[in-house]
Each structure stands twice: as C-alpha cells, then as structure tokens.
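Engineer: Positions 3 to 295 (this note's numbering) are the ones given, in order, by the sequence shown.
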Amino acid sequence: MPVTGADPGTAAVTGGLLSTVVVSLVCLALAGYGRGVHELWSRHGVGAIVPIWRVAAFTTGALIVLAVEGGLLDDLAHGSLAGHMTQHMVLLLVAGPLLAAGGAGLPLSLATPLRPRRRLARWRAAPTVRWLRRPVVYASLAGAAQLLVLWVWHLPVPYVAALDHPVLHGVEHLCFVVAAWLLWTPVVGAPRHRPPAPVGALLLVTTMLPATALGAVLTFAPRPVYPAAVYGSDPLADQQLAGLLMWLPMDAVLLVAALAGLLRWLARPDGDPPVPADDPAVTAGTPTEGAVR
C-alpha cells in the first residue's frame with residue numbers, strides 16, 4: 003500500500019516476489035524442524051525430547067505467519083491502521099509465542115549439516131556467547147529487543163517507509179516475529195533456557211509497560227500522527243482503534259502470562275520446577291551438538 007507516491011506496479015511485483023520468498027523460508031523452516039524432530043523420535047520414540055504439543059505449537063505458529071502475510075489479515079491491513087495493527091499483534095502475541103513454544107533449537111540444529119553444526123557448537127562455547135546465553139542476561143536482552151522493535155517500527159517515518167516499500171515491510175514483520183520469538187523463549191521455551199519465575203514475570207511486566215504507553219499515545223492523540231493515506235475513512239477513529247488493539251491485547255496476554263508463571267512458582271514449595279525429562283540437556287544420548295535456542 004504505497005502512501006507517498008511509490009510506483010504501484012513496481013510495488014506489486016516486489017510484493018509478489020517477497021511473498022514467494024516468505025513462503026519458501028517458512029516451508030524451509032518447517033522442513034528442517036520436521037527433519038530434526040523425525041531424527042529425535044526415530045531414536046528415542048514419538049514424543050521424546052520434543053513433545054508432540056511443541057511440534058503442534060511450532061507448526062501452528064509457522065502457518066499463522068503465512069496467513070498473516072498473505073491471507074485475510076493482509077487484505078484488512080490495506081487502507082486501515084487498525085487492520086495493520088491487528089497484523090502486528092497477531093505476529094507478536096500469537097505467532098511468536100507459538101514458535102518459541104516449539105523448542106526449535108535442537109531440531110533445527112540437527113537438520114543442519116555436520117560441519118556448520120560443529121562451527122556453531124564452537125561459537126556457542128565462546129565465553130562471551132556463554133555469558134549472553136545465561137537465562138537472566140538473555141531474558142533482559144530479549145525484552146529490550148522487543149521494546150526497540152515495537153517503538154521504532156511504529157514511529158511515523160519507519161512505519162510509512164515500510165508501507166511504501168514491500169521489502170522493508172517484510173523486514174518489519176520479520177523483526178516482529180523474531181523479537182516475539184526471542185521474548186517468549188524464556189517463558190514457554192525449553193526449561194533450561196528459563197530464568198527464575200520472578201525474573202520471567204518481571205520481564206513480561208516491564209515489556210508490557212512501554213507497549214502500553216505506545217498504545218495510549220495512539221489512543222489519546224488529539225490528531226492523526228501518520229499521513230492520511232494510512233487510515234480508513236475516519237482517520238482519528240482508526241488511530242484510536244489501532245491504539246486500543248495494541249494496548250488491551252498486549253496488556254492482557256503479558257499480564258496473564260506473568261501471573262500464571264508466578265502462581266505456578268508459588269504453588270511449588272521448592273520454587274522453580276525441576277527440568278523435565280524432555281529437556282535435551284538432561285537426556286542421555288541426545289545429540290545436542292550445535293543446538294540453538
């Protein structure tokens with residue numbers, strides 16, 4: 003949807019090519035994930051290492067990404083800030099958490115050729131990388147990345163630029179998916195990547211507050227903050243609805259997840275639960291060389 007005079011024909015061709023690339027990448031990720039899961043299950047039994055529910059979560063998350071990029075939500079996003087915001091919230095609050103819950107690190111690493119996998123294993127063993135992968139450090143960086151992505155891409159200049167240039171629009175959505183995937187990995191990913199439950203709850207709450215502020219800015223702004231072509235027939239009402247679509251779902255999902263994690267932690271007399279048997283880090287004979295998050 004060009005809004006500042008970009009050539010519609012060129013944008014349509016570029017958008018079609020980009021859609022093809024997105025579909026190809028998602029299918030490649032699904033194929034690699036499936037290959038890794040098949041290898042694990044063929045050695046240890048169906049549902050071992052990576053439970054069936056995690057496979058279902060990852061597959062659903064990937065399909066949602068495809069639906070957002072080329073389905074009904076994509077049609078609704080044209081000519082409506084609220085429709086476009088719905089796309090963003092689905093990527094941030096649905097697709098990202100599902101992909102994180104898939105525990106894709108080990109399956110995808112097993113689908114990687116042996117030589118690159120060994121290089122990755124050596125890279126992960128470096129002191130700096132090991133420090134960055136500590137659960138508390140990783141959670142803090144993931145939360146900062148989510149906030150940076152959310153605010154930068156909703157500033158007027160980057161937002162309009164993404165609408166004018168399909169490739170930049172694809173990069174914007176990729177940033178949302180990756181940031182949400184990283185943010186939710188300490189919450190719903192493999193237990194060995196999780197910080198203590200209070201830290202996880204604090205991560206979600208501190209992420210929620212700046213997102214709430216951005217939603218409030220859009221909801222209560224006295225005039226439209228983007229060019230007129232971004233909006234529907236009533237620009238101010240469209241902007242207010244978009245702000246509410248960011249504000250309320252984001253607050254609800256993050257707050258519920260934070261409270262659920264805290265309540266689950268408080269219900270256990272010994273604090274955080276032990277690492278379950280499906281964690282690759284404690285499964286005997288599991289090929290974890292080169293595994294990634």
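Don't be surprised by glycine CBs; every beta carbon is placed ideally from N, CA and C. It should be emphasised that the depicted structure is a prediction, and the values quoted were computed from it without experimental measurement.
Is R270 helix, strand or coil when you go by DSSP?
Structural biologist: In the structure shown, R270 sits in coil (DSSP, three-state: anything other than H, G, I, E or B).
Engineer: If you draw a straight line from the C-alpha of H46 to the C-alpha of H90, how long is it?
Structural biologist: C-alpha separation (whole angstroms): 38 Å.
Engineer: So for A64, helix, strand or coil by DSSP?
Structural biologist: Correct three-state label for A64: helix.
Engineer: Could you check whether F178 and A106 sit closer than 8 Å to each other, using their CB atoms as the reference points?
Structural biologist: In this structure, F178 does not lie closer than 8 Å to A106 by Cβ.
Engineer: Answer yes if the region 80-98 comes into contact with the region 119-136, meaning at least three C-beta pairs across the two stretches below 8 Å, and no otherwise.
Structural biologist: Touching, no.
Engineer: I'd like to know whether the C-beta atoms of P188 and P197 end up nearer to each other than 8 Å.
Structural biologist: Contact flag set, yes.
Engineer: Give the straight-line distance between the Cα atoms of A244 and S21, rounded to the nearest whole angstrom.
Structural biologist: Whole-angstrom Cα-Cα distance: 25 Å.
Engineer: Buried or exposed: where does V154 fall if 16 or more other Cβ atoms within 10 Å of its Cβ makes it buried?
Structural biologist: Result: exposed.
Engineer: With C-beta atoms as the reference, is G98 less than 8 Å away from W183?
Structural biologist: Contact flag set, yes.
Engineer: Let me know the secondary structure DSSP gives L20 once reduced to three states.
Structural biologist: Here L20 sits in helix by DSSP.
Engineer: Helix, strand or coil: how does DSSP classify G47 here?
Structural biologist: Of the three classes helix, strand and coil, the one that applies to G47 here is coil, per DSSP.
Engineer: Helix, strand or coil for G234? Go by DSSP, reduced to three states.
Structural biologist: Reduced to three states, the DSSP call for G234 is coil.
Engineer: Near Q148, which residues of its chain fall below 6 Å by C-beta distance, leaving aside the five closest residues on each side in sequence?
Structural biologist: Cβ within range, chain order: A181, L185 and T209.
Engineer: Starting from the C-beta of W249, find all residues in its chain whose C-beta is less than 7 Å away, skip the five residues before and the five after it, and write them out in chain order.
Structural biologist: So the qualifying residues of the chain are T214, G217, A218 and T221.
Engineer: Over the uninterrupted alpha helix (DSSP H) stretch that includes G315, give me the two end residues.
Structural biologist: With the chain running from 3 to 295 in the structure shown, residue 315 is simply not present.
Engineer: Within its chain, find whatever has a CB closer than 7 Å to the CB of L152; leave out the 5 residues flanking it on each side and keep chain order.
Structural biologist: Excluding residues within five positions, the ones whose Cβ falls inside 7 Å are A213 and L216.
Engineer: Please confirm if G202 has its CB atom under 8 Å from at least one CB of chain D.
Structural biologist: Here chain D cannot be found, since the structure has a single protein chain.
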